[in-house]
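Here is the structure we will look at.
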Amino acid sequence: MLNKIRHQLDTLPKAERLVAEQVLTQPRWAVEAPVAEIARLARVSQPTVIRFCRSLGCDGLSDFKRRLANSLASGVPFVHSSVVMGDSVSDLGAKVFDNTISALLKCRNDLSAVALQQAIELLASARRIEFYGQGNSGIIAQDGQHKFFRYGIPAVAYSDPHVHRMAAAVLDPGDVVVAISASGRSADILHSVQMAQSVGANVIAITPSGTPLARAATVTLAADAQEDVEIYAPMLSRIVQLVIIDVLSVGVALKRGSDAVTHLEKVKKSLREKRVKNGEEV
1 MLNKIRHQLD TLPKAERLVA EQVLTQPRWA VEAPVAEIAR LARVSQPTVI RFCRSLGCDG
61 LSDFKRRLAN SLASGVPFVH SSVVMGDSVS DLGAKVFDNT ISALLKCRND LSAVALQQAI
121 ELLASARRIE FYGQGNSGII AQDGQHKFFR YGIPAVAYSD PHVHRMAAAV LDPGDVVVAI
181 SASGRSADIL HSVQMAQSVG ANVIAITPSG TPLARAATVT LAADAQEDVE IYAPMLSRIV
241 QLVIIDVLSV GVALKRGSDA VTHLEKVKKS LREKRVKNGE EV
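Those letters in the sequence shown? Residues 1 to 282, per UniProt numbering, in order.
Now the structure itself:
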């Protein structure tokens with residue numbers, strides 16, 4: 001949670017930034033302090049404290065305190081170690097693994113249970129699901145299609161900006177778009193999201209919190225990862241996005257119950273003749 005606050009510090013309104021700085025200075029105190037005391041020391045109003053909590057994806061002060069306490073208690077080392085010239089194979093391997101593990105644990109602790117529940121309910125009842133993503137995020141979109149069509153829900157992935165813009169224009173109420181972006185600032189994705197919403201479709205965003213896409217979506221699942229996606233190809237965010245898709249997939253399967261199981265069995269049965277038995281020549 002502290003890393004998330006630092007990550008969003010420059011994007012927060014001035015008054016909310018004062019609250020953030022106070023929390024960063026005394027995180028353990030912030031877990032116990034009443035809203036009036038936090039507001040007094042930060043020199044802001046009490047509603048500003050609540051707005052600060054919501055800017056971080058929390059449902060309110062209590063939810064924020066719970067997440068902050070969990071992150072402090074877990075002692076998870078949310079530290080990003082950059083690979084540098086001269087690193088041995090052993091060192092660079094350890095850094096890549098450690099950074100990935102850290103990013104996943106951070107996502108697990110920060111992900112809003114309320115937003116996750118809303119997203120699962122939208123997907124489980126969707127008439128049609130469309131996944132939009134470009135570049136690396138386009139691969140994640142394909143993974144989403146690969147998982148969700150197995151539940152008997154029409155699902156498709158688009159990575160071409162012209163195609164997903166046209167597809168968004170012909171959606172209907174009851175359809176759901178899952179927009180995936182490592183930057184949260186792709187103009188093409190934002191335009192398609194706005195188009196989808198204009199015809200009554202709901203939009204779930206898997207993207208960093210505090211970004212234009214996060215603000216535009218019906219439901220946002222924050223995929224915050226400490227990496228410079230403006231310079232380097234996203235690596236950590238790609239793994240985080242994949243795991244969020246997995247969580248949604250499992251949630252929808254549980255929500256749809258026996259209906260999902262029936263469709264999964266049909267899919268598995270269709271692939272049996274594609275398998276080569278042990279010892280059998282092709």
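The beta carbon of each residue, even a glycine, is placed where N, CA and C say it ideally should be. Just so it is clear, the structure is predicted and the values come from calculations on it, not from any experiment.
Residue range of the beta strand (DSSP E) that includes residue i
i, result
"L221", "219 to 222"
"V178", "175 to 180"
"I206", "202 to 207"
"residue 332", "Lying outside 1 to 282, the shown extent of the chain, residue 332 is not represented and no answer is given."
"R128", "128 to 133"
"V193", "It is not in any beta strand (DSSP E) - V193 instead sits in the alpha helix (DSSP H) that spans 187 to 198."
Contact check, residue i vs residue j, beta carbons under 8 Å
i, j, result
"I189", "S181", "yes"
"A222", "L111", "yes"
"A103", "L236", "yes"
"I120", "I245", "no"
"A205", "A225", "no"
"L254", "R150", "no"
"V252", "L116", "no"
Buried versus exposed call for residue i [16 or more other C-beta atoms within 10 Å across all chains shown]
i, result
"residue 369", "Examination of residue 369 is not possible in this model, given that the chain is present from 1 through 282 alone."
"D143", "buried"
"R67", "buried"
"P208", "buried"
"I153", "buried"
"V261", "exposed"
"L248", "buried"
"E86", "A quick correction: the sequence has Gly, not Glu, at residue 86. By the neighbour-count rule (16 or more Cβ atoms within 10 Å), G86 is not buried but exposed."
"E230", "Bear in mind that a pLDDT of 48 at E230, under 50, signals an unreliable position, so the number given afterwards is only what the model happens to contain. Label assigned to E230: exposed."
"L18", "buried"
"E273", "exposed"
"V89", "exposed"
"I38", "buried"
Same chain only: Cβ atoms within 7 Å of residue i, ignoring 5 sequence neighbours per side
i, result
"A196", "A168, L171, V177, V203"
Residues of its chain near residue i, where Cβ-Cβ distance is below 6 Å and the 5 sequence neighbours each way are ignored
i, result
"Q118", "V219"
"A30", "V23"
Proximal residues to residue i (C-beta, below 8 Å), its chain only, five neighbours per side dropped
i, result
"I5", "A20, V23, L24, L56"
Segment limits, alpha helix (DSSP H) that includes residue i
i, result
"G144", "136 to 148"
"R165", "161 to 169"
"T100", "89 to 110"
"R256", "236 to 256"
"A119", "113 to 124"
"residue 283", "No answer is possible for residue 283: the residues shown for the chain start at 1 and end at 282."
(Q) Give the list of continuous beta strand (DSSP E) stretches no shorter than 3 residues that lie fully inside the segment 6 to 84. (A) Look at the segment 6 to 84 and you find no whole run of beta strand (DSSP E) that is 3 residues long or longer.
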